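S.K.: Encoded as structure tokens, here's the structure I'll be asking about.
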Amino acid sequence: MAYKRQIGQLPIVPVNAKEHNVVCHYCIVGCGYKAYTWDTSYEGGRAPSENRFGVDLTTQQEAETPAWYAPSMYNIVKQDGRDVHLVIKPDKNCVVNSGLGSIRGARIAEMSYSQQRNTQLQRLTDPLVWRYGQLQPTSWDDALELVARVTAAIINEQGEDGLFVSAYDHGGAGGGYENTWGTGKLYFGAMKVKNIRIHNRPAYNSEVHATRDMGIGELNNCYEDAELADTIMAVGTNALETQTNYFLNHWIPNLRGTSVDKKKAEFGAEAVDRGRVIFVDPRRTVTINACEAEAGKENVLHLAINSGTDLILFNALLTYVADKGWTDKTFIGASTTNFDKARAANKVSIEEAARITGLKPQDIIKAASWIAEPKAAGARRRTMFAYEKGLIWGNDNYRTNASLVNLALATGNIGRAGGGCVRMGGHQEGYSRPSDAHVGRPAAYVDKLLIEGKGGVHHIWGCDHYKTTLNAMEFKRVYKKRTDQVKDAMNAAPYGDRDAMVAAIVDAIRKGGLFSVDIDIVPTKISDAAHVILPAATSGEMNLTSMNGERRMRLTERYMDPPGQAMPDCLIAARIANHLERVFREMGKKEVAEKFKGFDWKTEEDAFMDGYHQHEKGGEFVTYARLRAMGTNGFQEPASGLEPIGASAPPMPPGTERIIGTKRLYTDGKFNRPDGKAQFMEAQWRGLQASGKQAEKEKFAFLINNGRTNHVWQSAYLDVDNELIVDRWPYPFIEMNPQDMADLKLGEGDLVEVFNDNGSTQAMVYPTPTARRKQAFMLFGYPMGVQGNVVSAGVNEFIVPNYKQTWGNIRKISSAPEGTRHLSFKSQEYPQST
Amino acid sequence: MNRCRKIEDLGRRRFLTGTGLMTAGMAVATVLPAEAKTAPSAALVKYPANRLGNIKDLKINEPFDVAYPDDDAPGVLIKLGTRVPTGVGPDGDIVGFTTLCPHKGFPLSYATGDKTLNCPGHYSRFDCEKGGLQVWGHATQNLPQYVLTVDESGDIYANGVDELLYGRLANVL
């Protein structure tokens, strides 16, 4: 049966517990939490004077009380070497989540390393090296010396192009300004590494090139805009599951009509009403269901397009809106260029778009009217455009992104309250690096080069290609073969003879081998292939800064020790640099060695001050002390100054002045192009753009749509060691229409093979009556069945992958195994009253 | 739904003796000991054995309001009509759950169509036929379920709960 913890009580947070600011390190929303720690020898009491909440805990607390925490919010951890109780619970005073906790964030404590309570014992505690045929623990100096010797040897032979790097570029866990700067300064400062990719895609590129090229940063509004919009247009985003508390705390009030007073206060006499929402998604999601439950079906329009046809829909909407005269002519004239040209190039009739998308013409027209038809007294409609992986990892990324931004620009919705054209995001952001201009555009297709035998050394930072890349089966086959060559060579050399060991490794690399160094907090799938594994610290084990989807920057304070010898990534990068400097000097390459100077950081704060503080816009105002004082609300980037001492009550002491931020971007109509104007872009429809996709669609029966789910979202690396989650999802699910299941003689919980010419993988069948025939939806990036195995190598012109448009066949492997028999396969939709 | 009055105060707080995980109310230490070590301790409390009703009170697939382990902790008994692993009674189909959502404490409502308890606050759903497994939702626990027994007269007793109840840091206050 369902997993239960058999816990009947928890220790009570005492009055004197230490309080730390925490921002959830999983998804982009960055909900505010507070961590409370106190010595294990005591707890608080039930009387109001004896507990942190000041309430009588002998009584039942009300709904939404701050004076309760779930067992998942509790743990015992080490802090400065001592055992302490740890409670991490949502912060009611954080404007992002107002005390809401998601099923991910509300498990931060339980997903911490605890020897005392046996949680996350998978965490890496020591550097590991391949020795005597297996990975064995060693010291930092020993491991780093080996990494530096081999890396330097390969750079000598092949140049810096022989060093391949996979590195996250985001915020939150496995990221943050400190750590992107650490890796960035190493690979883009000390070196000019070109063969580098990002954690979830096979090249070093933007997922939203087009909007940036048009002069519009992709995070340009604030979460409050979702409360103020007349209409929200949601494209390929399933916000209830993947930006949960942003959706619950800021979209839902608008759909319920409870933000109308806020609209009146903001917009005066302008006509306002409960918000409406348009979804563009081939699949019906729980988000759509929740919107219907709150706003009524009459205020929710689901455009269930044929997979991959978003672009032509947006072009038709632009054409219709322009023909109707609903564009914002003043704004277009003052702040943009290229409108007429783009409008002419992208012109598409409603009928043509209906034919390609499979929508009814009247639904497209309805959408156009919800987006742009003027309100009473001619007031412009305020529409917020939100998009994520359905677009980003979908067909023809660059043009589709552009066509959506065209629509937002033409309707005057960027830089305006209740508007914005934003990606919803995955991780928080936290990018601070020296210029990447040398990488070029299109950037190197790193995974393809590795498959082709290129490169000699591979440094991997918090990435797992084995789970989250495309063409994954072929990648794994080649990667294993190449790294095995080096392992075999290492097995034949005595470990203590470093010269012989390095020579054996270099010789194997010359013969096609690859030396793999993995830096992570846990063992991963790709680390099975690694020769050296370096243990990293995560958020809360180090101080970490990031910004969320409305550019809200906060500091998560260190509240516990990292496991064993683990260190922050920025310091690992610095120590690698220190060793490379020494090794190059020993090789007599003084000029090269000199480039590795400037890595004498002792703490993550040193890296922050060297990086963000000195290099980012407004960074000069931002310090740890000021961020600490600003708590879980922080400020919205970019910083523009400091409030004078005494401006706030009570006055802040010197060094902790409040930072002045930026609520929305582009409110002055000035954009990020040389002429200060946003540029409309030509973006014609060209069918399924990535090579081989159309043929795949014609050959295979099922669309293998794919994406995320509520339980597991930016948290899978820890969830694999969390009972609640593994109990619910022992295998990745694949949602299928019951009639398709009947045709294939499948029952709920059966394991099926999904296969096509790219590879094969497995999933557990979840009957889903709302799924369209021949359109399956599989959980992405799950270790027990990697969807990327069946995704083709086809990419767009800037090497952005196309995971979503994948077709394959499905066949039964086995009836439901024991681990699935206790599960529920009921509808995930909240039942609506009829 | 009417609250079941038959069980009022029956056995309520009969066993308020649970000491539990830590010594609650202990004076706060101001000087920390040199080495803090955690002693293994029970995470369970001592529950009252309360009569919640009789099998004659139950109709198939109709929730029967109860409260456990005290009047401030609302819950339901449900005779599902099909035998389930945690079910009690002659047909092995009687189960009992809290009706406070373990996410934010909103009251759950029973959907007879698919035998789930559903939260109007944030749409979480729990499957009564699968031990309260969260079908979908935000709670970090599956739904706390009662440990039930049925005596010869058909009286149904609750003897414990398998997860922490929302809104209380000890299930027995």
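Protein chains in written order, with my numbering: chain A, 1 to 834; chain B, 835 to 1007. Here a beta-carbon is modelled for each residue, glycine too, at the ideal position from N, C-alpha and C. A quick note: this is a predicted structure, and the numbers were derived from the prediction, not measured.
Of all the alpha helix (DSSP H) runs that stay within the bounds of the segment 333 to 359 of chain A, which reach a length of 4 or more residues?
M.R.: 339 to 345 and 350 to 357, all fully within the segment 333 to 359 of chain A.
S.K.: In this structure, how does DSSP classify residue 362 of chain A when only helix, strand and coil are distinguished?
M.R.: Numbered from 1 along the first sequence, position 362 holds the residue referred to as residue 362 of chain A. Residue 362 of chain A falls in the helix class under three-state DSSP.
S.K.: Go ahead and label residue 869 of chain B buried or exposed: buried means 16 or more other beta carbons lie within 10 angstroms of its beta carbon, across all protein chains shown.
M.R.: If you number the second sequence from 1, residue 869 of chain B lands on position 35. Residue placement at residue 869 of chain B cannot be trusted, given a pLDDT of 41 that sits under 50; what the coordinates show is reported in the next sentence. Exposed: under 16 other Cβ atoms inside 10 Å.
S.K.: Please name the residue, chosen from A:592, A:203 and A:72, that lies closest to residue 972 of chain B on a Cα-to-Cα basis.
M.R.: Taking the first residue of the second sequence as position 1, residue 972 of chain B is located at position 138. Ranking the options by Cα distance to residue 972 of chain B, first place goes to A:72.
S.K.: Below 8 Å, how does it come out for the segment 469 to 479 of chain A and the segment 823 to 830 of chain A: are there three or more Cβ pairs, yes or no?
M.R.: They do not touch, by the three-pair rule.
S.K.: Taking a Cβ distance cut-off of 8 Å, strictly less, list which residues of the segment 1 to 12 of chain A are near chain B, in chain order.
M.R.: Listed by position, the residues of the segment 1 to 12 of chain A near chain B (Cβ gap below 8 Å) are 1, 2, 3, 4, 5, 6, 7, 8, 9, 10, 11 and 12.
S.K.: Go through its chain and collect everything with a Cβ distance to residue 451 of chain A's Cβ below 7 Å, but skip five positions before and after it.
M.R.: Translated into positions along the first sequence, residue 451 of chain A becomes position 451. Result list for residue 451 of chain A: 474, 475 and 478, in chain order.
S.K.: Kindly indicate if chain A contains any beta-carbon less than 8 Å away from that of residue 917 of chain B.
M.R.: Taking the second sequence and counting its residues from 1, one reaches residue 917 of chain B at position 83. Answer no: the Cβ-Cβ gap between residue 917 of chain B and chain A never drops below 8 Å.
S.K.: Keeping to the same chain, check which residues put their C-beta closer than 7 Å to that of residue 51 of chain A; ignore five residues upstream and five downstream.
M.R.: For the purposes of this step, residue 51 of chain A is taken as residue 51 along the first sequence, with counting starting at 1. 12, 13, 14, 15, 44, 45 and 57.
S.K.: Determine, using beta carbons only, whether residue 916 of chain B and residue 929 of chain B come nearer to each other than 8 Å.
M.R.: Taking the second sequence and counting its residues from 1, the one referred to as residue 916 of chain B is at position 82. Taking the second sequence and counting its residues from 1, the one referred to as residue 929 of chain B is at position 95. Their beta carbons are not under 8 Å apart, which means residue 916 of chain B does not touch residue 929 of chain B by this criterion.
S.K.: Return the chain-ordered list of same chain residues with a C-beta closer than 7 Å to the C-beta of residue 911 of chain B, the five sequence neighbours on each side being excluded.
M.R.: Here residue 911 of chain B refers to the residue found at position 77 of the second sequence. Closer than 7 Å at Cβ, skipping near neighbours: 886, 887, 892, 898, 900, 928, 930 and 990.
S.K.: Relative to the C-alpha of residue 463 of chain A, which candidate in A:533, A:581 and A:296 has its C-alpha closest?
M.R.: Here residue 463 of chain A refers to the residue found at position 463 when the first sequence is read from its first residue. Out of A:533, A:581 and A:296, A:533 has the C-alpha closest to the C-alpha of residue 463 of chain A.
S.K.: Which bits of chain A does residue 940 of chain B rub up against, with CB to CB less than 9 Å?
M.R.: On the second sequence, residue 940 of chain B is found 106 positions in, with the first residue counted as 1. 63 and 64, listed in chain order.
S.K.: Exposed or buried, residue 81 of chain A, counting other C-beta atoms within 10 Å across all chains shown (16 or more means buried)?
M.R.: Stepping through the first sequence from its first residue, residue 81 of chain A is reached at position 81. Burial call: exposed.
S.K.: Mind checking which residues open and close the alpha helix (DSSP H) that includes residue 483 of chain A?
M.R.: Here the question's residue 483 of chain A lines up with position 483 in the first sequence. Start and end: 472 to 491.
S.K.: Answer with buried or exposed for residue 814 of chain A, where buried requires no fewer than 16 other C-beta atoms within 10 angstroms of its C-beta.
M.R.: Within the first sequence, numbered from 1, the residue matching residue 814 of chain A stands at position 814. Classification of residue 814 of chain A: exposed, given that the 10 Å Cβ count is below 16.
S.K.: List the whole-angstrom C-beta distance separating residue 236 of chain A from residue 281 of chain A, where the pair is believed to meet the contact cut-off of C-beta under 8 Å.
M.R.: By one-based count along the first sequence, residue 236 of chain A stands at place 236. By one-based count along the first sequence, residue 281 of chain A stands at place 281. Sure, about 6 Å apart at Cβ, within 8 Å.
S.K.: Quick check: residue 336 of chain A and residue 684 of chain A, are their CB atoms within less than 8 Å of each other?
M.R.: Locating residue 336 of chain A in the first sequence gives position 336, where the first residue counts as 1. Locating residue 684 of chain A in the first sequence gives position 684, where the first residue counts as 1. Cβ distance not < 8 Å, so residue 336 of chain A and residue 684 of chain A don't count as in contact.
S.K.: Can you tell me which residues form a DSSP beta bridge with residue 78 of chain A?
M.R.: Counting from one through the first sequence, the residue named residue 78 of chain A turns up at place 78. Note: residue 78 of chain A sits in a beta bridge opposite A:83.
S.K.: Compute the distance between the beta-carbons of residue 255 of chain A and residue 224 of chain A, then report whether it is under 8 Å.
M.R.: Indexing the first sequence from 1 puts residue 255 of chain A at position 255. Indexing the first sequence from 1 puts residue 224 of chain A at position 224. Not a contact, by the Cβ cut-off of 8 Å.
S.K.: Report back the beta-carbon spacing between residue 538 of chain A and residue 521 of chain A to the nearest angstrom; my notes put them in contact at under 8 Å.
M.R.: Along the first sequence, one-based indexing puts residue 538 of chain A at 538. Along the first sequence, one-based indexing puts residue 521 of chain A at 521. That pair is a contact at about 5 Å.
S.K.: Using a 10 Å radius around the Cβ and a threshold of 16 neighbouring Cβ atoms, would you call residue 518 of chain A buried or exposed?
M.R.: For the purposes of this step, residue 518 of chain A is identified with residue 518 of the first sequence, where counting begins at 1. Buried, because 16 or more other Cβ atoms sit within 10 Å of the Cβ of residue 518 of chain A.
S.K.: Any residues in the segment 970 to 1001 of chain B with a beta carbon nearer than 9 Å to a beta carbon of chain A? Which ones, in chain order?
M.R.: Flagged, chain order: 970, 971, 972, 973, 974, 975, 976, 977, 978, 979, 994, 995, 996, 997, 998, 999, 1000 and 1001.
S.K.: Which residue marks the beginning of the beta strand (DSSP E) containing residue 935 of chain B, and which one marks its end?
M.R.: Mapped onto the second sequence, residue 935 of chain B falls at position 101. Segment: none, residue 935 of chain B is in no beta strand (DSSP E) and carries neither H nor E.
S.K.: Whose CA, out of A:206, A:331, A:345 and A:316, lies closest to the CA of residue 367 of chain A?
M.R.: As a working note, residue 367 of chain A is residue 367 in the first sequence. Ranking A:206, A:331, A:345 and A:316 by Cα distance to residue 367 of chain A puts A:316 first.
S.K.: Taking just the CA atoms, how far does residue 39 of chain A sit from residue 866 of chain B?
M.R.: In the second sequence, counting from the first residue as 1, residue 866 of chain B sits at position 32. In the first sequence, counting from the first residue as 1, residue 39 of chain A sits at position 39. In this predicted model, residue 866 of chain B has a pLDDT of only 37, less than 50, meaning its place in the structure is not dependable; the value taken from the coordinates is given anyway. Using only the alpha carbons, I get a separation of about 8 Å.
S.K.: Quick one: complete beta strand (DSSP E) runs, 3+ long, within the segment 381 to 415 of chain A?
M.R.: List check, beta strand (DSSP E) in window: 383 to 387.
S.K.: Counting only beta-carbon separations shorter than 8 Å, does residue 20 of chain A have a partner in chain B?
M.R.: Against the first sequence, residue 20 of chain A aligns to sequence position 20. So no, residue 20 of chain A is outside the interface.
S.K.: What's the C-alpha gap between residue 563 of chain A and residue 556 of chain A?
M.R.: The count along the first sequence starts at 1 and reaches residue 563 of chain A at position 563. The count along the first sequence starts at 1 and reaches residue 556 of chain A at position 556. Roughly 18 Å separates the two Cα atoms.
S.K.: Does residue 25 of chain A come within less than 8 Å of chain B when only Cβ atoms are used?
M.R.: Counting from one through the first sequence, the residue named residue 25 of chain A turns up at place 25. No, residue 25 of chain A lies away from the interface with chain B (no Cβ there is under 8 Å from its Cβ).
S.K.: Would you say residue 553 of chain A and residue 671 of chain A are within 8 Å of each other, going by their C-beta atoms?
M.R.: Along the first sequence, read from residue 1 onward, the residue named residue 553 of chain A stands at position 553. Along the first sequence, read from residue 1 onward, the residue named residue 671 of chain A stands at position 671. No, the Cβ-Cβ distance between residue 553 of chain A and residue 671 of chain A is not below 8 Å.
S.K.: Residues of chain B with a CB under 8 Å from the CB of residue 68 of chain A: which are they?
M.R.: Sequence index remark: in the first sequence, residue 68 of chain A carries index 68 (1-based). Within 8 Å Cβ-Cβ: 939, 1000, 1001, 1002 and 1003.
S.K.: What is the DSSP secondary structure of residue 734 of chain A, reduced to helix, strand or coil?
M.R.: As a position in the first sequence, residue 734 of chain A is number 734, starting the count at 1. Strand at residue 734 of chain A.
S.K.: Taking only the alpha-carbon atoms, compute the straight-line gap between residue 114 of chain A and residue 77 of chain A and give it to the nearest angstrom.
M.R.: Within the first sequence, the letter at position 114 stands for residue 114 of chain A. Within the first sequence, the letter at position 77 stands for residue 77 of chain A. Each residue's alpha carbon lies about 5 Å from the other.
S.K.: To the nearest angstrom, how far is the alpha carbon of residue 94 of chain A from that of residue 581 of chain A?
M.R.: Position 94 of the first sequence holds residue 94 of chain A. Position 581 of the first sequence holds residue 581 of chain A. Looking at the two C-alpha atoms, the distance is approximately 44 Å.
S.K.: How many angstroms separate the CA atom of residue 864 of chain B from the CA atom of residue 41 of chain A?
M.R.: If you number the second sequence from 1, residue 864 of chain B lands on position 30. If you number the first sequence from 1, residue 41 of chain A lands on position 41. Because residue 864 of chain B sits at a pLDDT of 32, beneath the cut-off of 50, its placement in the model cannot be relied upon, and the point is left open.
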